[in-house]
Amino acid sequence: MELGQIAAFVIAGLIYLLVLPSRWRKWALLIGSVIAIYWLQPTLNIRWLDYSLPTATLGITIVCWLVTRQSSTLLREDWQTLALVIVIALLLTISRYIEIPIELTSRPPETWQVAVCLLVLTGAIFVLRNRASSHLVISIVIILITGLFILLKTESLTVSLSHFLRGQTGQDQSLATVIDIQWLGFSYIAFRLIHTLRDRQSGLLPELSLREYLTYVIFFPAYAAGPIDRAERFAADYRALSVTNMRDANKITVALTRITVGLFKKFVIADGLAYFSLNTTNIAQANSAGATWILLYSYAIRLYFDFSGYSDIAIGIGMLFGIQLPENFNLPYLKNNITTFWQSWHMTLSNWVRSYVYSPLSRNLLRRKNKPSNNVIILICTLTTMVIIGLWHGVTLPFVIWGLWHGIGLFLHKLWSDRTRGWYRRLKQKPVASRLWYGMGVMLTFHFVLLGWVWFAMPDMASAFHVFSGLLGLVR
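Note that my numbering has the sequence shown beginning at 42, numbered continuously upward.
Structure below.
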């Protein structure tokens with residue numbers, strides 16, 4: 042989100058809670074979220090794409106709701122929600138023909154083309170409305186979402202897709218690049234959708250109306266960069282919007298304070314550190330080990346303030362609209378071991394992979410007739426989980442190594458903690474020694490994470506090795 046967009050959302054939030062009648066809040070939040078995802082989507086070089094991607098988000102979300110619902114019939118409210126989304130999508134195409142004060146999407150296709158696509162979607166929903174989804178159908182949808190995710194996260198595949206789309210729109214295919222296809226928020230959308238699909242398979246997903254489901258997936262404060270909320274928790278807040286007293290001065294103060302802190306973190310500290318943080322441009326100018334270390338320290342601090350600042354802004358704006366988003370950071374750089382670091386860094390992502398990768402995989406291994414030893418199971422599950430977190434950021438070898446780096450660190454810490462529990466109990470009886478050991482743990486953990494950021498920051502192996510050489514003073 043840009044500063045202007047944040048300011049607009051804050052003003053809208055204040056109007057929402059101070060002026061809007063409570064009975065309109067749920068519909069207003071849905072309408073605002075649908076419009077916002079078009080506004081937040083960056084302008085793209087491929088014709089119609091910055092309109093098509095948010096529209097595709099709505100279509101995919103509606104399909105996922107259709108296969109996760111438990112009721113065999115669609116309620117009147119569901120049809121009203123579908124009609125509302127279609128009307129908004131069609132109205133946004135008007136900017137193709139007339140100039141409007143606020144440009145929500147730069148180059149929409151012709152209205153009749155959008156109408157045909159939406160008519161096909163509506164027809165499919167009408168045909169399938171009374172059919173219960175099987176476990177197989179849900180699994181197929183999960184595979185398709187995962188495949189789309191991999192496509193968007195793999196640079197070579199994304200460039201190929203850009204090349205294809207440019208050909209379809211009559212644009213120069215030689216100019217195809219990965220930045221042609223920036224599907225804002227899809228990493229988070231995919232994980233929210235998979236969460237609901239898997240919970241539907243396991244019987245844990247509560248019954249959600251289309252309005253509730255759609256608002257959950259595209260809730261605009263968390264749309265671009267999280268946090269990753271759970272559907273049942275979000276639905277509880279959403280259902281209470283019409284009865285909750287939102288005109289509480291203390292709550293408004295807390296929300297605005299959270300937003301202000303987030304703005305300072307992101308746009309003052311993080312953006313200030315960006316000028317001398319680790320990247321391919323700055324590392325090329327570093328001519329000493331000290332300079333390389335400064336770049337790396339700056340990168341680590343900047344990354345935290347940038348991401349946690351955005352989370353603060355998202356949580357604060359969410360509070361203005363009556364939704365309490367989950368916390369995402371809890372002073373991770375002050376934790377004394379790698380396990381507590383990951384319990385404090387990007388917590389909603391960590392919780393997601395624990396629920397949908399680590400736990401199912403470990404249960405599967407434990408149920409095998411010839412199951413591996415407990416330590417082998419922990420190693421396999423930990424490495425798999427952390428590699429997936431790495432690949433979630435991008436399908437590249439440096440991200441795989443970053444995941445392995447943290448996976449190995451977590452496994453070694455598990456072995457260490459299992460063997461030193463008695464020693465730690467005795468250490469707690471010595472306050473001075475305990476505090477000293479805690480401080481040493483913080484320093485060791487921070488620098489372990491710090492070195493791992495090299496793989497995270499650099500786009501390829503050669504650049505990463507160049508940074509490590511610079512840290513050792515081997516590059517002049």
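Note that CB positions come from ideal geometry on N, CA and C, so glycine has one too.
None of the values given here were measured: they were computed from a predicted structure.
Cα-Cα, which of the options is closest to residue i?
i: S243; options: S175, A265, S63 and L424; result: S175
i: L192; options: R66, A330, G435 and R395; result: G435
i: E151; options: C105, L132 and L162; result: L132
i: T163; options: L145, Q154, R88 and A124; result: A124
i: A277; options: E248, I429, P268 and I442; result: E248
i: L451; options: F440, V428 and K469; result: V428
i: R274; options: T256, D289, A290 and A266; result: T256
i: R241; options: A474, F190 and Q111; result: Q111
i: L58; options: R252, A49, N286 and F227; result: N286
i: I269; options: Q365, T301 and I379; result: Q365
i: W494; options: H387, A266, A341 and S475; result: A341
i: T423; options: Y264, Q82, S63 and H447; result: H447
i: Y229; options: L246, A266, D221 and L198; result: A266
i: D353; options: I300, S385 and I335; result: I300
i: Y37; options: T134, L234 and M481; result: With the chain covering only 42 through 517, there is no way to say anything about residue 37.
i: L245; options: K306, S396, L115 and L438; result: S396
i: G226; options: V108, S414 and T102; result: T102
i: G350; options: I310, K471 and A53; result: I310
i: P27; options: L116, I356, E43 and R117; result: There is no way to answer for residue 27, as the model of the chain reaches only from 42 to 517.
To the nearest angstrom, how far is the alpha carbon of residue i from that of residue j?
i: I139; j: Q326; result: 49 angstroms
i: M484; j: N377; result: 7 angstroms
i: V97; j: Y79; result: For the sequence presented, residue 97 should be read as Ala rather than Val. Whole-angstrom Cα-Cα distance: 11 angstroms.
i: T195; j: L445; result: 19 angstroms
i: L461; j: N392; result: It should be noted that the sequence gives Thr, not Leu, for residue 461. Using only the alpha carbons, I get a separation of about 26 angstroms.
i: L402; j: A272; result: 23 angstroms
i: L85; j: V219; result: 11 angstroms
i: A296; j: F261; result: 16 angstroms
i: W65; j: I72; result: 11 angstroms
i: K410; j: R239; result: 25 angstroms
i: H236; j: I293; result: 31 angstroms
i: S180; j: I186; result: 10 angstroms
i: Y345; j: R408; result: 39 angstroms
i: I129; j: L160; result: 14 angstroms
i: S458; j: N416; result: 13 angstroms
i: P500; j: L337; result: 15 angstroms
i: T122; j: L477; result: 58 angstroms
i: S318; j: S339; result: 5 angstroms
i: S475; j: L453; result: 21 angstroms
i: E368; j: Q214; result: 43 angstroms
i: R280; j: D119; result: 15 angstroms
i: Y264; j: F232; result: 12 angstroms
i: R467; j: I358; result: 46 angstroms
i: L438; j: L432; result: 9 angstroms
What residues in its chain sit with their C-beta under 7 angstroms from that of residue i, if we drop five residues either side in the sequence?
i: W224; result: L94 and L193
i: N320; result: A498
i: R88; result: R148, T210 and Q212
i: A69; result: Y57 and L61
i: T486; result: K376, N377, N378, I379 and F382
i: R288; result: L58 and L59
In its own chain, which residues sit with a C-beta less than 6 angstroms from the C-beta of residue i, not counting the 5 before and 5 after it?
i: A217; result: V200, S203, H204 and R207
i: Y92; result: T146 and P149
i: T322; result: none
i: V398; result: T426 and I429
i: S63; result: S283
i: V302; result: D353
i: L55; result: none
So residue i packs on residue j, CB below 8 angstroms; how close in whole Å?
i: K455; j: I419; result: 6 angstroms
i: G514; j: A332; result: With a Cβ gap of about 10 angstroms, G514 and A332 do not count as contacting.
i: W496; j: A503; result: Rounded, the Cβ-Cβ distance is 12 angstroms, inconsistent with contact.
i: V126; j: V168; result: Contact flag wrong, Cβ pair sits at about 18 angstroms.
i: L282; j: K67; result: 5 angstroms
i: L198; j: W106; result: Incorrect: roughly 28 angstroms between the Cβ atoms, too far for contact.
Would you say residue i faces chain C, with C-beta separation under 7 angstroms as the test?
i: P150; result: Reference to chain C is not applicable here, since this structure consists of a single protein chain.
Return yes when at least one heavy atom of the ligand MG lies under 6 angstroms from the C-beta of residue i, else no.
i: Q212; result: Questions concerning the ligand MG fall outside what the structure shown contains, since it holds no ligand whatsoever.
- Task: Return the chain-ordered ranges of every alpha helix (DSSP H) run that is complete within the stretch 238-289 and spans a minimum of 4 residues.
- Result: 251-259 and 272-280
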